[in-house]
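Working notes for the structure below.
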Amino acid sequence: MYDKGKVLIGLAIFLVLALSVVGYNMTTGDHKKPEPEKPKGYTACVKDTDYMRSSHMVLLNEWRDEVIREGKRGKITTAQGIVVEKSLQNGCMHCHTSKEKFCDTCHVYASVQPYCWDCHLAPVEPTDGKEAQ
Amino acid sequence: MDNRRRKFLKLAGLTAAAGVAVPMLGSRAQAVSGHGAAPAAHGNDGHEAAPTGVRQGLVIDSGKFHDNPGLAEKCQKVCHDYHNVPKFPNSKDEIKWIWTDKFPNVFPDHSHYKKDARLSAMNILALCNHCDNPPCVRACPTGATFKNSDGVVMMDFHRCIGCRFCMAACPYGARSFNWRSPRGSENGKPFIKNYNQEFPSRMRGVVEKCSLCSWRTKQGKDPLCVEEANKGVEGAMVFGDLNDPHSEISQILRQRFTIQRKPSLGTKPSIFYII
Chain A
7 MYDKGKVLIG LAIFLVLALS VVGYNMTTGD HKKPEPEKPK GYTACVKDTD YMRSSHMVLL
67 NEWRDEVIRE GKRGKITTAQ GIVVEKSLQN GCMHCHTSKE KFCDTCHVYA SVQPYCWDCH
127 LAPVEPTDGK EAQ
Chain B
1189 MDNRRRKFLK LAGLTAAAGV AVPMLGSRAQ AVSGHGAAPA AHGNDGHEAA PTGVRQGLVI
1249 DSGKFHDNPG LAEKCQKVCH DYHNVPKFPN SKDEIKWIWT DKFPNVFPDH SHYKKDARLS
1309 AMNILALCNH CDNPPCVRAC PTGATFKNSD GVVMMDFHRC IGCRFCMAAC PYGARSFNWR
1369 SPRGSENGKP FIKNYNQEFP SRMRGVVEKC SLCSWRTKQG KDPLCVEEAN KGVEGAMVFG
1429 DLNDPHSEIS QILRQRFTIQ RKPSLGTKPS IFYII
């Protein structure tokens, strides 16, 4: 290899720079696991927590297709016996009453910008008087 | 050399035989399985197709709306308020699910220049016709608009890309395009005054129209406009299954003379009018 020394030094500098970002977050403890606020008094969602955590968007798409395209508007009963409509606005957000405290915590952390709220109305946040988006 | 020619001729002969035999077998198989009869079922231009499944429709008694001024506007308000239909200041941007128009505009096929005073003064309630043969569905490149199992032409707003082919295809002007964001405002006036939290709004670049309140009819309720109209005058609008001979709507259609919008186009509307 030509210029072995220079290349290796360059590589080392690159690695230090690239990893410094991760290292910074690890040492300063600035990265906190997002903790979405779960609705109080509820013990079970429509599916188990692991599934909801990883695949809630898949479920929402399935619901959409079932409701709009197949006309299957039947409701779902949770393990706790709560009847839930297959709907983001009229189902999920009835228990998860705050978009900011539930949806946004993870979505902001992961820098995900789902377009749900371009059309769907988030529940009106109680105190800060902001207009519902 | 001979050997190769012999092989070639054999192969050519077999290929030719197969070429003749396979289509014959295919057509026989098709005839046996009944596919051969399919075109007859589709060739229904101008003729009534055999009724299959549910086909929801409406009868609108225009006379009752004419005798009760303001009733049509009430129906429109109920619908537009519930479905978060924005009100844009420029009439070119207008979004409408249900609206009123003059007789010659709603029924150009039935209008002539010697109309009586009542007909000339009439405001006819118009909405998506939920055609049995909907041209908008054929035009939509993404499948965002489609016919559901109740015979209702539905919109899946998620999938609409805003190409407006459906608007060009619809002969009734029943579709509106969101040129501007419905969530916006002009001069401090929001386009949607009071949001209904139970229904989504739309976003800029999406086409919208009446869905015959499919979210309500599944629960056994009448569409909002029908409920509102019948609060004012009993029987001003009747909703039901056109394919069920025992439904109220079928009985009315058997007893009364009704007209459809632009029947000559062959779209077979599900909305019928008593004039």
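Here the protein sequences line up with chains A and B, keeping their order.
Under this note's numbering, the first residue of the first sequence is numbered 7, with each subsequent residue one higher.
Under this note's numbering, the first residue of the second sequence is numbered 1189, with each subsequent residue one higher.
Each residue gets a CB set at the ideal place from its N, CA and C atoms; glycine is no exception.
Values in this document were obtained by computation on a predicted structure and should not be read as measured data.
Across the structure, I1462 (chain B) and V130 (chain A) are spaced so that their CA atoms are roughly 44 Å apart. I1312 (chain B) sits close to S1250 (chain B), with the two beta carbons spaced by under 7 Å. It is roughly 15 Å from the alpha-carbon of V118 (chain A) to the alpha-carbon of V64 (chain A). Between W1403 (chain B) and F1387 (chain B), the alpha-carbon positions lie close to 10 Å from each other. Near chain A, meaning a CB-to-CB distance below 8 Å, the residues of the stretch 1320-1337 of chain B are F1334, N1336, S1337.
Going by beta carbons, P1370 (chain B) and P1277 (chain B) fall outside the 7 Å limit. For W1285 (chain B), the three-state secondary structure derived from DSSP is coil.
The Cβ of N96 (chain A) sits closer than 7 Å to at least one Cβ of chain B. Around V52 (chain A), the same chain offers I82, T84, V90 as residues with beta carbons nearer than 7 Å, after the five sequence neighbours per side are excluded.
In the three-state DSSP reduction, S117 (chain A) falls in the coil class, being neither helix nor strand. Judged by pairs of C-beta atoms under 8 Å, the stretch 1448-1460 of chain B touches the stretch 1239-1246 of chain B, as three or more such pairs exist.
Distances from the CA of V1294 (chain B) to each of B:H1300, B:K1284, B:C1351, B:A1314 were compared; the closest alpha carbon is that of B:A1314. Excluding sequence positions up to five before and after C1401 (chain B), its CB lies within less than 7 Å of the CB of P1411, L1412, all in the same chain and listed in chain order. As computed with DSSP, T83 (chain A) is found in a beta bridge with A:V89. Taking F1334 (chain B) as the centre and dropping the five residues before and after it, the same chain places the C-beta of V1325, M1342 closer than 7 Å to its C-beta, in chain order.
I1437 (chain B): member of the alpha helix (DSSP H) spanning 1436-1443, first to last residue.
Taking 7 Å as the CB threshold, H126 (chain A) lines the interface with chain B. Chain-ordered, the chain B residues with CB closer than 9 Å to the CB of R70 (chain A) read D1344, H1346.
In the three-state scheme derived from DSSP, where H, G and I count as helix and E and B as strand, L1197 (chain B) is classed as helix.
Inter-residue distance for M1310 (chain B) and S60 (chain A) is about 57 Å (C-alpha atoms, whole angstroms). Looking only at A:T33, A:A18, A:D71, A:A50, the smallest Cα-Cα distance to C98 (chain A) is reached by A:A50. Counting along the chain, no beta strand (DSSP E) covers D1269 (chain B); the unbroken alpha helix (DSSP H) around it starts and ends at 1259-1270. In the assembly as shown, M1425 (chain B) is a buried residue. Its beta-carbon has 16 or more other beta-carbons within 10 Å. Not a single CB atom of chain A sits nearer than 7 Å to the CB of P1274 (chain B).
Remark: C-beta atoms of C101 (chain A) and Y30 (chain A) do not approach each other more closely than 7 Å. Per DSSP, T1333 (chain B) is one residue of the beta strand (DSSP E) stretching across 1333-1335. Given a length threshold of 4 residues, each whole run of the alpha helix (DSSP H) inside the stretch 1381-1415 of chain B is given here in chain order: 1402-1405.
At a cut-off of 7 Å, the C-beta of Q1443 (chain B) has no neighbouring C-beta in chain A. Using a Cβ distance threshold of 7 Å, C1358 (chain B) and C1328 (chain B) do not count as a contacting pair.
A straight-line Cα-Cα distance of about 10 Å links S1438 (chain B) and F1427 (chain B). Counted as a single uninterrupted DSSP element, the beta strand (DSSP E) harbouring L1246 (chain B) occupies residues 1244-1249.
Under the three-pair Cβ rule at 8 Å, the stretch 1201-1213 of chain B does not count as touching the stretch 1372-1381 of chain B. Buried is the label assigned to F108 (chain A), since at least 16 other Cβ atoms lie within 10 Å of its Cβ. Taking a Cβ-Cβ cut-off of 8 Å, the neighbours of G77 (chain A) in chain B comprise N1336, S1337, D1338, S1402, K1406, given in sequence order. Going by beta carbons, L127 (chain A) and Y1383 (chain B) fall inside the 7 Å limit.
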